[in-house]
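What follows is a set of notes on a single structure, which appears directly below.
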Ligand code: ADP
Ligand code: MG
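Residue numbers (my numbering): 2 to 457.
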């Protein structure tokens with residue numbers, strides 16, 4: 002097998018077929034440098050450049066691969082994927098995290114960094130401290146690859162997920178890792194808000210050139226919470242140019258947001274398409290096992306070990322937000338110190354009930370709407386609008402179902418609240434969701450979780 006080239010003529014043909022079936026950026030992103038090996042029994046082996054690419058191809062491109070094989074060989078063949086042992090440069094994926102450096106470099110107050118960091122980085126937000134599970138494996142692997150080869154692997158890197166799921170943690174982990182290799186790396190991490198504020202200030206002070214010099218002259222630009230650009234026309238305009246300049250220089254851009262590009266309200270289409278050019282990855286809420294691991298890790302960072310019954314108890318009761326998981330550990334450790342007692346299930350119950358005080362009032366429609374809009378990333382105005390696209394209609398139906406089962410509101414009142422719909426719509430929605438919950442355990446879980454949340 003010669004480097005980078007397929008071994009056989011058919012192999013060449015297979016790559017040609019893939020090129021035809023995929024868009025050029027897709028081909029470049031996932032099949033660049035791939036090597037082929039055809040075994041005597043006809044099995045085809047694809048050697049790809051790292052574990053992340055391997056996982057991605059097997060998840061998203063197996064149909065395409067099969068189709069390419071059929072076109073090329075005229076029949077179906079077994080295809081196996083493996084990581085190419087000779088692939089340069091190996092991204093640090095699926096391996097043990099490196100040991101912590103003896104002492105974290107001082108971040109705040111260090112002039113070489115202060116130059117470029119608007120917010121000093123949080124020391125704990127490293128890859129080492131990031132617990133990997135099914136909900137965040139892609140995001141973590143992609144972020145690691147970005148940190149390994151800024152500007153070369155996935156550019157731009159767009160990370161989205163709802164609040165408290167680790168977006169800021171991962172963006173800052175990229176910074177830490179790049180800085181660990183090169184303390185003077187020219188990286189700029191900032192919130193979208195700082196970008197906006199600086200931009201406005203520079204307009205007021207007639208200092209746009211300095212502003213542009215600062216933002217466009219970096220090796221790595223990381224902007225947190227880009228959804229805050231919604232509705233800010235002029236800042237979007239400026240960001241578009243910043244983006245283009247940085248991108249065209251081949252420098253890395255990493256962005257986080259609470260929604261995928263196309264769902265950020267009023268984001269200009271051209272920015273949406275820029276964001277989609279690279280890799281868009283979602284952080285999902287962690288499953289039970291990951292929540293347990295996170296709880297344990299957070300306790301260990303603070304010098305404590307959580308007994309299993311305690312971590313299981315907390316993980317069962319806090320399911321959608323990692324920041325809250327962390328808060329419960331901090332509180333629990335505080336209580337144990339205060340009471341001079343070991344960490345126990347009993348203390349955990351206290352810590353948890355303090356975090357979620359019993360409701361004195363009944364569930365209101367506002368509780369329901371607030372939980373559902375947060376979960377599905379939709380706006381109340383959408384739920385109350387006439388829109389009937391699935392992405393709006395479904396959360397609306399969930400609201401109706403939850404309201405029907407958790408409040409004393411009448412069918413008419415519920416329908417009225419959601420854009421003046423009549424009682425038959427509410428009945429239909431309630432029955433549809435009930436059926437769905439019976440048929441689809443995953444969806445059922447989600448809705449039961451929402452109900453639990455609104456009940457407090
Ligand atoms: P976001 O920016 O998405 O709102 P953050 O990155 O601020 O969320 O994460 C909230 C808290 O949860 C942080 O303290 C972070 O360290 C922690 N956290 C999130 N995901 C993980 C994870 N996979 N492992 C360990 N801690 C995590
Ligand atoms: Mg954040």
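For glycine and all other residues, C-beta sits at the position ideal for the given N, C-alpha and C.
Under 7 angstroms Cβ to Cβ from residue i, same chain only, skipping five residues before and after it: list those, please.
i	result
residue 279	155, 156, 157, 158 and 159
residue 455	364, 368, 369, 372, 403 and 407
residue 152	251, 252 and 253
residue 201	none
residue 175	144, 147, 148, 223 and 255
residue 43	78
residue 295	132, 287, 323 and 326
residue 260	161, 228 and 378
residue 22	65, 68 and 69
In three-state terms, what does DSSP make of residue i?
i	result
residue 312	helix
residue 225	strand
residue 284	coil
residue 1	A question about residue 1 goes unanswered here, because the residues of the chain that appear run from 2 up to 457.
residue 83	strand
residue 91	Because residue 91 carries a pLDDT of 40, less than 50, the predicted location of this residue cannot be relied on, and the following value inherits that uncertainty. Reduced to three states, the DSSP call for residue 91 is coil.
residue 158	strand
residue 265	coil
residue 411	coil
residue 29	helix
residue 181	helix
residue 273	helix
residue 175	helix
residue 136	coil
Check each candidate in the options and name the one with the smallest Cα separation from residue i.
i	options	result
residue 123	87, 178 and 163	178
residue 353	343, 366 and 336	336
residue 38	24, 52, 21 and 16	16
residue 212	220, 219 and 199	199
residue 418	440, 328, 375 and 366	366
residue 84	439, 396 and 50	50
residue 427	263, 457, 452 and 395	395
residue 328	298, 66 and 340	298
residue 384	405, 141, 263 and 420	420
residue 320	35, 448 and 263	448
residue 121	127, 190 and 204	190
residue 186	150, 141, 433 and 142	150
residue 88	62, 134, 33 and 142	33
residue 221	40, 441 and 247	247
Whose C-beta lies closer than 6 angstroms to the C-beta of residue i among residues of the same chain, with five residues either side of it excluded?
i	result
residue 413	424
residue 227	193, 256 and 258
residue 106	With a pLDDT of only 37 at residue 106, under the threshold of 50, the placement of this residue in the model should not be trusted; the figure read from the coordinates follows. The answer is none, since no qualifying residue turns up.
residue 216	243
residue 293	312 and 316
residue 285	136
Going along the chain, which residues of its own chain have a beta-carbon closer than 8 angstroms to the beta-carbon of residue i, five neighbours each way excluded?
i	result
residue 302	125 and 130
residue 230	193, 197, 236, 237, 240, 265, 268 and 272
residue 308	344, 345 and 346
residue 57	31 and 139
residue 55	49, 82, 83 and 84
residue 452	403, 406 and 407
Could you tell me whether any Cβ in chain C is nearer than 7 angstroms to the Cβ of residue i?
i	result
residue 231	As a matter of chain content, chain C is missing from the structure shown, which is built from one protein chain.
Around the Cβ of residue i, are there at least 16 other Cβ atoms within 10 angstroms (buried) or fewer (exposed)?
i	result
residue 173	buried
residue 281	buried
residue 386	exposed
residue 290	exposed
residue 288	exposed
residue 409	exposed
residue 249	exposed
residue 439	exposed
residue 24	exposed
residue 342	exposed
residue 397	buried
residue 443	exposed
Would you say the beta carbon of residue i comes nearer than 6 angstroms to a heavy atom of ligand 4?
i	result
residue 330	Ligands displayed in this structure: ligand 1 and ligand 2; ligand 4 is not among them.
Cβ pair count under 8 angstroms reaching 3, the stretch 267-285 against the stretch 303-315: no
Segment contact, 8 angstroms Cβ cut-off, at least three pairs: the stretch 68-88 with the stretch 160-167: no
Contact between the stretch 340-350 and the stretch 307-323 (3+ Cβ pairs under 8 angstroms): yes
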